[in-house]
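Visitor: Mind the numbering: the sequence shown is residues -18 to -1, 1 to 139 in mature numbering (1 follows the signal peptide of the UniProt record, and there is no 0), read in order. All C-beta atoms, glycine included, are put in the ideal place defined by N, C-alpha and C. The model shown is predicted, which means the values in this text are computed figures rather than measured ones. One structure, as structure tokens, below. Some questions next.
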Amino acid sequence: MHLAVALALAASFTPAVTGTLISYDPRVPVGARASVVSSSVDGGTVVLMRATGLLPDRDYGAHAHVNPCGAAPADAGPHYQHVQGGATDPAFANPRNEIWLDFTTDGRGQGFAYARLDWEFGERRPASIVLHEEHTHTEPGHAGTAGARLGCLTVPF
């Protein structure tokens, strides 16, 4: 999916959740913001995220987590997995089973990411997007990891 197609689809999505990111680390500057929208599309789910006010020219990992954001980085809980399994097992910790929104900011500290998934949400839904210090790893024993939790946005999917 190209950026233009993703942005055109956003018009039919649920209302965007836009807010100031909770910052747990200076790598998510105080006042940084994000917008997240999601929608069912052709039997699957598309999630779009836009972030502003971050550090320029920097990689961030970003994932959906099971709990809302809290005062502590761990409050958001583990990654949301469509089929629940091992946190670092590549059979479960992968971009087909989790919502990975890794991105690199531009020179102005803005970033955009999208995930296209082959499944829709059931009763169990994620509750936040957490920004991590690096892009997500895929190798066994480290799959799904992306370093420290730097910031968070509660998103009622």
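1) Can you find the residues in the same chain that come closer than 8 Å, C-beta to C-beta, to ASP84, ignoring five residues on each side of it along the sequence?
2) I need the boundaries of the beta strand (DSSP E) containing TYR42, first residue and last residue.
3) Just to check my reading of the structure: LEU113 and LEU37 have Cβ atoms closer than 8 Å, yes? What is that Cβ distance to the nearest angstrom?
4) If you draw a straight line from the alpha carbon of HIS61 to that of ASP71, how long is it in whole angstroms?
5) Are there 16 or more other CB atoms within 10 angstroms of the CB of VAL65, so buried, or fewer, so exposed?
6) Identify every residue that forms a DSSP beta bridge with VAL12.
7) If you follow the beta strand (DSSP E) that HIS114 is in, where does it begin and where does it stop?
8) By the DSSP assignment, the beta strand (DSSP E) with SER96 in it spans what residues?
9) Keeping to the same chain, check which residues put their C-beta closer than 6 Å to that of VAL12; ignore five residues upstream and five downstream.
10) How many Å lie between GLY68 and LEU99 at the Cα?
Guide: Looking at the atomic coordinates:
1) Hits under 8 Å: ASP41, TYR42, GLY43, ALA44, ALA95, HIS117, THR118 and ALA128.
2) Residues 41 to 47.
3) At roughly 11 Å, the Cβ-Cβ gap does not stay under 8 Å, so LEU113 and LEU37 are not in contact.
4) Distance between the alpha carbons of HIS61 and ASP71 is about 12 Å.
5) With fewer than 16 other Cβ atoms inside 10 Å of its own Cβ, VAL65 counts as exposed.
6) BP columns for VAL12 are empty, so no partner.
7) Where HIS114 is concerned, the enclosing beta strand (DSSP E) stretches over 110 to 114.
8) Residue 96 is actually Tyr in this sequence, not Ser. Going by DSSP, TYR96 is part of the beta strand (DSSP E) stretching over 93 to 99.
9) For VAL12, where only same-chain residues beyond five positions count, the Cβ hits under 6 Å are SER5.
10) LEU99 has its alpha-carbon roughly 19 Å from the corresponding atom of GLY68.
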